[in-house]
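Residue numbers for the sequence shown follow my numbering, so the first one is 646 and each next one is one higher. Every residue, glycine too, gets a C-beta built ideally from N, C-alpha and C.
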Amino acid sequence: MVNVAIIGVGTVGKSVADILEKNKKLISARAGKEINVVKGVVRDRRKKRDVSIPLTIDINEVLEDDSIDIVVELMGGVDEPFKVIKKALTKGKAVVTANKALLAYHRYDLQEIAGDIPIGYEASVAGGIPIINALKVGLSANQILSIKGIMNGTCNYMLTKMRDEGVSFDVILKEAQELGYAEADPTFDVGGFDAAHKLLILASIAYGIDAKPEDILIEGIEDINEYDMDFAKEFGYSIKLLAIAKKSDHSVELRVHPALVKNSQMIAKIDGVMNGISVIGDFVGETLYYGPGAGGDATASAVVADIVEIVRAGQSSPMLGFKKPHESQILKLLPAEEMESEYYIRMKVGDKSGVLADITKILANHDISIETILQRPAEDNDKAMLLCATHTCKEKQIKQAISEIEALDALEDKISMIRIED
């Protein structure tokens, strides 16, 4: 028999307990041992929770109990969960967590502390999609050339509705909040930070690279509007918030931002609250993983899968996929200014002669060639929207050009830029 304790019995924690009870015989048969949830830790015992497990507010009742074999951490946050997991590991207890923010900052610390003690974290990335196991095991024969994913269902839902119904960002954000897809403070989701945390976890498994959120390019969807959606539709694109990792020579680029994606790409067909991740290996080619990225049951399913694997194996495979240092000593994080892409830029200008010539001259001075340019009337009668797509250039080139264009007297507003992902 294996005893499990859950720290944080909210939506996901309750679902973990329910799954382990409802599918007890099936799970025990697959694990080879009976698995029992013996205790849950909560902040407030007065809050009504529809669970049958004993509850406590004293976390030490779990951490100091030698009969508890596996601790499931579902607290949220970074600093406090790190202390809790660290103590659980020092007590010899296996750990399962869904805490992506914690792992974005402390995954290498935890790997060092754990040693051979298992840590499961499948639920930390893309909810019900088994992408962690795919990278650690299923694709372990391959060098991972790229990872490209829709890893935030809130943003994907909002962008899908903006495209299909022509609604504004503010309108659809309010709707997403009313439906429970977005928090009262939506910055973590719409600002790209949630997706960035998940990307960093996947990049560690794929490349052995230790980067923090502050080290990588992160942009959200807050500035996308109807002009951008119209441009995308006209030229056969969809706009998606993508988390991207690409390997080239001795470097890896990591970035999260909205992107124009050709509708012919599989990733462009993933709509609504669903998540999807494309992984390209040097031998297997492209594989695509699709499913619910959040929600109590989907996330709990991944948590229980980790519990089952720990019970089966006794010892887990290396937490981040490498038995010994390899590419972590070779691959470096590519600076954001050195990344290359095609770009779409939206400019609101005074509708008068010479403006377009000034803009194209600045772009040419930075060796940026234009592929497509459209002019649309702005809400103000004497203004125009210029929508421009460029050929491939470096990030530093387009940023310098944009800075100079924004200094023109004809510019009426800050320029908006979206990368084009082939």
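Asked                                                                                                                                                                               : Found
Quick check on DSSP: helix, strand or coil for residue 665?                                                                                                                         : helix
Grab the span of the beta strand (DSSP E) containing residue 1062 for me, first residue to last.                                                                                    : 1061-1066
Whole angstroms is fine: what's the gap from residue 890's alpha carbon to residue 782's?                                                                                           : 19 Å
Once the 5 residues before and after residue 855 are set aside, which same chain residues still bring their CB inside 6 Å of it?                                                    : 753
Taking C-beta to C-beta, are residue 888 and residue 843 nearer than 9 Å?                                                                                                           : yes
Pick from 1038, 649, 757: whose alpha carbon is nearest that of residue 741?                                                                                                        : 649
Which runs of the alpha helix (DSSP H), 4 residues or longer, sit entirely within the stretch 949-1022?                                                                             : 1000-1010
Between residue 613 and residue 718, how many whole angstroms is the CB-CB distance? I'm expecting something under 8 Å.                                                             : What is shown of the chain runs 646 to 1067, which leaves residue 613 out entirely.
Kindly indicate which three-state DSSP category residue 718 falls into: helix, strand or coil?                                                                                      : strand
How about residue 747 and residue 775: do their beta carbons lie closer than 9 Å?                                                                                                   : no
Using DSSP bridges, identify the partner residues of residue 882.                                                                                                                   : 907
So, at 6 Å on beta carbons, what are the nonlocal neighbours of residue 984 in its own chain, with the 5 sequence-adjacent residues on each side left out?                          : 898, 1040
Which stretch, first to last residue, makes up the alpha helix (DSSP H) that contains residue 1031?                                                                                 : Not the alpha helix (DSSP H): residue 1031 falls in the beta strand (DSSP E), residues 1028-1035.
What's the gap between the Cα of residue 700 and the Cα of residue 762?                                                                                                             : 26 Å
Could you tell me the boundaries of the alpha helix (DSSP H) in which residue 748 lies?                                                                                             : 745-759
Do you know offhand how far residue 689's Cα is from residue 728's?                                                                                                                 : 20 Å
Does DSSP put residue 843 in a helix, in a strand, or in coil?                                                                                                                      : helix
Counting only runs of 4+ residues fully inside the stretch 765-837, write out the alpha helix (DSSP H) ranges in chain order.                                                       : 798-810, 814-824, 832-835
Could you give the residue range of the beta strand (DSSP E) that holds residue 923?                                                                                                : 919-926
Is it the case that the Cβ atoms of residue 678 and residue 956 are separated by a distance below 9 Å?                                                                              : yes
Which two residues bound the contiguous beta strand (DSSP E) that contains residue 648?                                                                                             : 647-652
Could you give the C-beta distance for residue 836 and residue 865, rounded to a whole number, given that I count them as a contact under 8 Å?                                      : 4 Å
Quick check on residue 838: buried or exposed, where buried means 16 or more other Cβ atoms within 10 Å of its Cβ?                                                                  : buried
Is it true that the CB of residue 792 sits closer than 9 Å to the CB of residue 755?                                                                                                : no
Using three-state DSSP, classify residue 856 as helix, strand or coil.                                                                                                              : coil
Name, in chain order, the residues that DSSP records as bridge partners for residue 936.                                                                                            : 920
What does a CB cutoff of less than 6 Å around residue 938 pick up in its chain, not counting 5 residues either side in sequence?                                                    : 771, 772, 798, 920
Looking only at C-alpha atoms, which of 1021, 989, 1038 sits nearest to residue 1061?                                                                                               : 989
Report, in whole angstroms, the separation of the C-beta atoms of residue 927 and residue 787, which I expect to be a contact under 8 Å.                                            : 5 Å
Please report the Cβ distance between residue 954 and residue 1065, rounded to the nearest whole angstrom; I am assuming they are in contact, meaning their Cβ atoms lie under 8 Å. : Residue 954 to residue 1065, Cβ: 40 Å. No contact.
Does the Cβ of residue 682 have 16 or more other Cβ atoms within 10 Å, making it buried, or fewer, making it exposed?                                                               : buried
Can you list, in chain order, the residues of its chain with a C-beta nearer than 8 Å to that of residue 1115? Leave out the 5 residues immediately preceding and following it.     : Residue 1115 cannot be examined here, being either before or after the span of the chain that is shown, 646 to 1067.
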